[in-house]
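2 protein chains.
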Amino acid sequence: MTSLPSILGGLDPTSDRAVFRQIADQLREAIDRGRFKEGEKLPSEAELVEHYGVSRMTVRNSFSILQGEGLVHAEHGKGVFVRPRPPVRRLASDRFARRHREQGKSAFIVEADAAGSHPTVDSLEVKEEKASQDISTRLGSVRRVLARRRRYLLDGRPVEFAASYLPLDIARGTQIAEPNPGPGGIYARLEELGHRLDHFEEEIRARMPSPSEVKTLQLAAGVPVIHLIRTAFDAAGRAVEVCDTVMAADAYVLSYQLPAT
Amino acid sequence: MTSLPSILGGLDPTSDRAVFRQIADQLREAIDRGRFKEGEKLPSEAELVEHYGVSRMTVRNSFSILQGEGLVHAEHGKGVFVRPRPPVRRLASDRFARRHREQGKSAFIVEADAAGSHPTVDSLEVKEEKASQDISTRLGSVRRVLARRRRYLLDGRPVEFAASYLPLDIARGTQIAEPNPGPGGIYARLEELGHRLDHFEEEIRARMPSPSEVKTLQLAAGVPVIHLIRTAFDAAGRAVEVCDTVMAADAYVLSYQLPAT
DNA sequence: CTTGCCCACTCGTCTATACGAGTATGCGTG
DNA sequence: CACGCATACTCGTATAGACGAGTGGGCAAG
Numbered sequence: 001m002t003s004l005p006s007i008l009g010g011l012d013p014t015s016d017r018a019v020f021r022q023i024a025d026q027l028r029e030a031i032d033r034g035r036f037k038e039g040e041k042l043p044s045e046a047e048l049v050e051h052y053g054v055s056r057m058t059v060r061n062s063f064s065i066l067q068g069e070g071l072v073h074a075e076h077g078k079g080v081f082v083r084p085r086p087p088v089r090r091l092a093s094d095r096f097a098r099r100h101r102e103q104g105k106s107a108f109i110v111e112a113d114a115a116g117s118h119p120t121v122d123s124l125e126v127k128e129e130k131a132s133q134d135i136s137t138r139l140g141s142v143r144r145v146l147a148r149r150r151r152y153l154l155d156g157r158p159v160e161f162a163a164s165y166l167p168l169d170i171a172r173g174t175q176i177a178e179p180n181p182g183p184g185g186i187y188a189r190l191e192e193l194g195h196r197l198d199h200f201e202e203e204i205r206a207r208m209p210s211p212s213e214v215k216t217l218q219l220a221a222g223v224p225v226i227h228l229i230r231t232a233f234d235a236a237g238r239a240v241e242v243c244d245t246v247m248a249a250d251a252y253v254l255s256y257q258l259p260a261t
Numbered sequence: 001m002t003s004l005p006s007i008l009g010g011l012d013p014t015s016d017r018a019v020f021r022q023i024a025d026q027l028r029e030a031i032d033r034g035r036f037k038e039g040e041k042l043p044s045e046a047e048l049v050e051h052y053g054v055s056r057m058t059v060r061n062s063f064s065i066l067q068g069e070g071l072v073h074a075e076h077g078k079g080v081f082v083r084p085r086p087p088v089r090r091l092a093s094d095r096f097a098r099r100h101r102e103q104g105k106s107a108f109i110v111e112a113d114a115a116g117s118h119p120t121v122d123s124l125e126v127k128e129e130k131a132s133q134d135i136s137t138r139l140g141s142v143r144r145v146l147a148r149r150r151r152y153l154l155d156g157r158p159v160e161f162a163a164s165y166l167p168l169d170i171a172r173g174t175q176i177a178e179p180n181p182g183p184g185g186i187y188a189r190l191e192e193l194g195h196r197l198d199h200f201e202e203e204i205r206a207r208m209p210s211p212s213e214v215k216t217l218q219l220a221a222g223v224p225v226i227h228l229i230r231t232a233f234d235a236a237g238r239a240v241e242v243c244d245t246v247m248a249a250d251a252y253v254l255s256y257q258l259p260a261t
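Written out as structure tokens, the structure is:
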């Protein structure tokens with residue numbers, strides 16, 4: 001094993017940079033340079049206390065900086081580890097193309113199978129409810145909606161939580177109101193019901209998760225979420241669905257193709 | 001002034017939730033309910049120490065949670081404040097349409113003026129350099145590129161840092177290599193040079209900022225960045241430009257329109 | 001050999017204290 | 001009245017110590 005001093009250097013007492021920041025800097029640089037690899041354990045708090053000659057709180061302070069940056073994560077009783085970058089899921093802008101609606105399985109399942117990971121969907125909830133102000137506005141002043149909520153997992157890890165909202169006059173009593181909407185998903189059903197889809201609008205934000213999002217997505221410290229709100233419009237120009245999606249940002253890359261008209 | 005106990009309640013010693021988390025929860029809830037409004041000062045550390053009967057470090061710990069969530073920010077010598085949500089800039093998917101290239105001013109300037117904010121561009125740098133591995137791949141194995149870097153500010157606040165990379169055989173010696181690329185920007189120049197633009201590809205990620213990004217974008221704690229990589233393709237199918245953009249996530253909403261082909 | 005316990009090591013939580021540095025306010029001096 | 005300084009209040013940094021709780025390995029008993 002390589003000794004600590006050979007990796008981590010010492011402190012600069014003349015610097016006006018706070019000690020805990022200097023320590024965080026050195027650890028960050030060591031990680032960036034690959035001296036500590038993904039999933040590898042960093043020196044324990046006690047070892048760093050020893051190495052730098054500082055108090056334990058100062059070391060913990062350094063770790064908390066790196067946690068906030070999403071670089072490391074602590075495991076109680078085990079140690080602090082370099083956070084591995086999980087495999088990312090790419091969402092292409094043609095993911096709602098009709099040709100992808102042929103198969104019986106949902107886009108999420110098909111795509112994950114192809115990538116060799118094990119996909120799951122849980123927390124299914126389908127019910128009628130009062131529309132929030134925002135959803136109501138997007139759907140054109142509807143009062144109540146059909147809400148479909150579900151959580152997506154890859155290899156057991158939750159990566160996305162999505163809620164779809166549809167006007168009752170469209171969805172009530174149809175297969176869309178069933179837990180399993182059938183092959184091609186609700187978009188296929190909407191088209192069968194005469195709502196030929198014309199285009200989608202997507203709004204994308206990024207922010208830190210709320211405590212409840214941390215819980216349902218089992219997010220590590222320092223992982224933001226991507227908040228995507230998609231509205232589907234039919235050929236008549238009517239908004240027929242709003243899908244509100246919160247994704248673990250470290251699990252996704254969104255990809256769009258834009259014409260240069 | 002409303003007294004603290006009427007806003008903040010007490011601790012539950014029987015709960016297994018850590019004290020500093022309970023305090024953070026109460027503060028978060030008070031903020032969510034609007035008991036503390038945007039920009040308003042929270043009770044000082046000393047006041048909370050008094051109110052809860054805990055040590056100062058415990059209170060600071062609570063504040064650090066809320067900071068990580070991007071809910072509050074501390075100002076040395078002043079206090080801890082509810083972080084105001086800055087006005088957001090919406091980026092529509094038609095922002096590169098030819099019709100927007102008519103005017104002399106850049107898209108950023110025009111749009112910000114229209115929104116009533118004061119736009120600035122600084123840190124201009126235009127130079128030839130070695131292409132990074134990633135840029136080289138995206139541009140089709142070029143070794144050296146023309147790099148154009150600039151930082152965008154709204155009302156003095158930095159919101160975006162962008163770097164454009166172009167193959168030398170296209171850009172060298174043209175107005176694209178000048179600090180001011182002229183009306184319509186480099187896309188207008190590219191088309192004049194015979195590279196009629198066909199489409200763009202955009203890749204979007206969200207993550208916590210690196211320390212250098214915190215510096216150049218003057219990011220508050222708990223603010224992620226949106227990392228957007230756009231590649232422009234001409235009618236011949238060649239990648240003629242890659243633009244690497246890092247945006248303060250709290251200042252942007254991206255918006256895309258997708259056909260439902 | 002297997003089981004179970006103990007112990008060493010890890011991070012988590014919390015207290016108490018000290019000093020430094022930035023900010024604002026009011027008061028006294030000129 | 002204007003200026004400057006003292007002062008009180010704010011958060012920032014750091015120390016030293018205590019106890020709790022999760023993990024894993026070694027050792028002893030069965």
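Sequence lines, in order, name chains A and B.
One point on numbering: in the UniProt record's numbering, the residue at position 100 of the first sequence is 100, and numbering is uninterrupted.
One point on numbering: in the UniProt record's numbering, the residue at position 28 of the second sequence is 28, and numbering is uninterrupted.
Ideal Cβ placement from N, Cα and C applies to all residues, glycine included.
(1) Is it right to say A/R83 is buried, meaning 16 or more other beta carbons lie within 10 angstroms of its own, or is it exposed?
(2) Go through its chain and collect everything with a Cβ distance to A/P181's Cβ below 7 Å, but skip five positions before and after it.
(3) So is B/F20 buried or exposed if we call it buried at 16+ other beta carbons inside 10 Å?
(4) Helix, strand or coil: how does DSSP classify A/G185 here?
(5) Which residues in the same chain have their Cβ closer than 6 Å to the Cβ of A/L153, if we skip the five residues on either side of it in sequence?
(6) Report yes if the C-beta distance between B/L139 and B/A147 is below 8 Å; otherwise report no.
(7) Any idea if B/H118 is buried or exposed, counting beta-carbon neighbours within 10 angstroms, 16 or more meaning buried?
(8) Buried or exposed for A/Q67, going by 16 or more other Cβ atoms inside 10 Å?
(9) What does A/S93 reach in chain B if we use C-beta pairs closer than 8 Å?
(10) With C-beta atoms as the reference, is A/Q218 less than 8 Å away from A/R172?
(11) Give the single residue among B/D234, B/A46, B/S62, B/E50 whose Cα lies nearest to the Cα of B/I23.
(12) Between A/P179, A/T261, A/S106, which has its C-alpha nearest A/F96's C-alpha?
(13) Could you check if B/E40 is buried or exposed, using at least 16 other CB atoms within 10 Å of its CB as the buried criterion?
(14) Less than 8 Å between the C-beta atoms of residue 269 of chain B and B/A251, yes or no?
(15) Should A/L197 be flagged as near chain B, meaning a C-beta pair shorter than 8 Å?
(16) Under the rule that 16 or more other beta-carbon atoms within 10 Å means buried, what is B/R89, buried or exposed?
(17) Can you name the residues of chain B whose CB is closer than 8 Å to the CB of A/F20?
(18) Rounded to the nearest angstrom, what separates A/M1 and B/I229 at their Cα positions?
(19) Helix, strand or coil: how does DSSP classify A/M1 here?
(20) Report yes or no: do the region 24–39 of chain B and the region 222–241 of chain B share at least 3 C-beta pairs separated by less than 8 Å?
(21) Around the C-beta of A/L124, are 16 or more other C-beta atoms found within 10 angstroms, so that it is buried, or is it exposed?
(22) The region 155–180 of chain A: which residues have C-beta closer than 8 Å to a C-beta of chain B, in chain order?
(23) So, with DSSP's three-state summary, where would you put A/S255?
(24) Output, in chain order, the set of chain B residues within a Cβ distance shorter than 8 Å of A/V253.
(25) At least one CB of chain A closer than 8 Å to the CB of B/F200: is that the case?
(26) Going by other Cβ atoms of all chains shown within 10 Å of its Cβ, with 16 needed for buried, is residue 264 of chain B buried or exposed?
(27) When the Cα of B/H51 is compared with those of B/R60, B/G10, B/K127, which residue comes out closest?
(28) Just grab the DSSP bridge partners of B/F81 for me.
(29) With 8 Å set as the bound, which would you pick, yes or no: does the beta-carbon of A/P183 sit closer than that to a beta-carbon of chain B?
(30) Just checking my contact of B/A206 with A/A249 at CB under 8 Å: how many whole Å lie between their CB atoms?
(31) Given this structure, state the Cα-to-Cα distance separating A/V59 from A/A74, to the nearest angstrom.
(32) Going along chain B in order, which residues have a C-beta closer than 8 Å to the C-beta of A/P224?
(33) Run down chain A in chain order and give the residues with a C-beta less than 7 Å from the C-beta of B/A97.
(34) Would A/G10 count as contacting chain B if we go by Cβ distances under 8 Å?
(35) Nearest to B/V242 by CA position, among B/Q133, B/S44, B/M57, is which residue?
From the atom records:
(1) For this step, residue 83 of chain A is matched to residue 83 along the first sequence. By the 10 Å Cβ count, A/R83 comes out buried.
(2) Locating residue 181 of chain A in the first sequence gives position 181, where the first residue counts as 1. Around A/P181: Q175, R189.
(3) Locating residue 20 of chain B in the second sequence gives position 20, counting from the first residue. When all chains shown are included, B/F20 counts as buried.
(4) In the first sequence, residue 185 of chain A corresponds to position 185, counting from 1. Looking at A/G185 - three-state DSSP - the assignment turns out to be helix.
(5) As a first step, residue 153 of chain A is located in the first sequence; it is residue number 153 there, counting from the start. Around A/L153: T120.
(6) Counted from its first residue, the second sequence places residue 139 of chain B at position 139. Counted from its first residue, the second sequence places residue 147 of chain B at position 147. No, these two residues do not count as a Cβ contact at 8 Å.
(7) On the second sequence, residue 118 of chain B is found 118 positions in, with the first residue counted as 1. Counting Cβ neighbours within 10 Å, B/H118 comes out exposed, since fewer than 16 surround it.
(8) Along the first sequence, read from residue 1 onward, the residue named residue 67 of chain A stands at position 67. Buried, by the Cβ-count rule.
(9) What you label residue 93 of chain A is simply residue 93 of the first sequence in a count that begins at 1. Within 8 Å Cβ-Cβ: Y256, L258.
(10) As a position in the first sequence, residue 218 of chain A is number 218, starting the count at 1. As a position in the first sequence, residue 172 of chain A is number 172, starting the count at 1. Cβ distance not < 8 Å, so A/Q218 and A/R172 don't count as in contact.
(11) Taking the second sequence and counting its residues from 1, the one referred to as residue 23 of chain B is at position 23. The shortest C-alpha separation from B/I23 is found at B/S62.
(12) Here the question's residue 96 of chain A lines up with position 96 in the first sequence. When only C-alpha atoms are compared, the closest one is A/S106.
(13) Against the second sequence, residue 40 of chain B aligns to sequence position 40. Exposed, because fewer than 16 other Cβ atoms sit within 10 Å of the Cβ of B/E40.
(14) The question about residue 269 of chain B has no answer here: the residues shown for chain B are numbered 1 through 261.
(15) Position 197 of the first sequence, counted from the first residue, corresponds to residue 197 of chain A. Chain B, which has a Cβ nearer than 8 Å to the Cβ of A/L197, makes this yes.
(16) The residue given as residue 89 of chain B occupies position 89 in the second sequence. The residue in question, B/R89, is buried, as its Cβ has 16 or more Cβ neighbours within 10 Å.
(17) If you number the first sequence from 1, residue 20 of chain A lands on position 20. Within 8 Å Cβ-Cβ: nothing; A/F20 doesn't reach chain B, min ~12 Å.
(18) Here the question's residue 1 of chain A lines up with position 1 in the first sequence. Here the question's residue 229 of chain B lines up with position 229 in the second sequence. Legend: pLDDT at A/M1 = 47, less than 50; position of this residue unreliable, no value from coordinates given.
(19) Within the first sequence, numbered from 1, the residue matching residue 1 of chain A stands at position 1. Note on A/M1: pLDDT 47, under 50, position unreliable in the model; no value is reported.
(20) no
(21) Position 124 of the first sequence, counted from the first residue, corresponds to residue 124 of chain A. Exposed is the call here.
(22) none
(23) In the first sequence, counting from the first residue as 1, residue 255 of chain A sits at position 255. Three-state DSSP puts A/S255 in a strand.
(24) One-based indexing of the first sequence puts residue 253 of chain A at position 253. By Cβ distance, chain B contributes E203, I204, R205.
(25) Against the second sequence, residue 200 of chain B aligns to sequence position 200. Yes, its Cβ sits closer than 8 Å to a Cβ of chain A.
(26) The question about residue 264 of chain B has no answer here: the residues shown for chain B are numbered 1 through 261.
(27) Residue numbering aside, residue 51 of chain B sits at position 51 when the second sequence is read from its first letter. Here the closest residue by C-alpha is B/G10.
(28) Residue mapping note: residue 81 of chain B aligns to position 81 of the second sequence, counting from 1. Answer is B/K41, B/H73.
(29) In the first sequence, counting from the first residue as 1, residue 183 of chain A sits at position 183. No, no contact with chain B.
(30) Translated into positions along the second sequence, residue 206 of chain B becomes position 206. Translated into positions along the first sequence, residue 249 of chain A becomes position 249. Yes, B/A206 and A/A249 are in contact; Cβ-Cβ is about 4 Å, under 8 Å.
(31) Taking the first residue of the first sequence as 1, we reach residue 59 of chain A at position 59. Taking the first residue of the first sequence as 1, we reach residue 74 of chain A at position 74. Their backbone Cα atoms lie some 13 Å apart in a straight line.
(32) Taking the first residue of the first sequence as position 1, residue 224 of chain A is located at position 224. Here the neighbours are A206, R207, M208, P224, A249.
(33) On the second sequence, position 97 is the one that residue 97 of chain B refers to. Simply T261.
(34) Mapped onto the first sequence, residue 10 of chain A falls at position 10. Cβ-Cβ to chain B under 8 Å: no for A/G10.
(35) Residue mapping note: residue 242 of chain B aligns to position 242 of the second sequence, counting from 1. Closest option to B/V242, Cα to Cα, is B/Q133.
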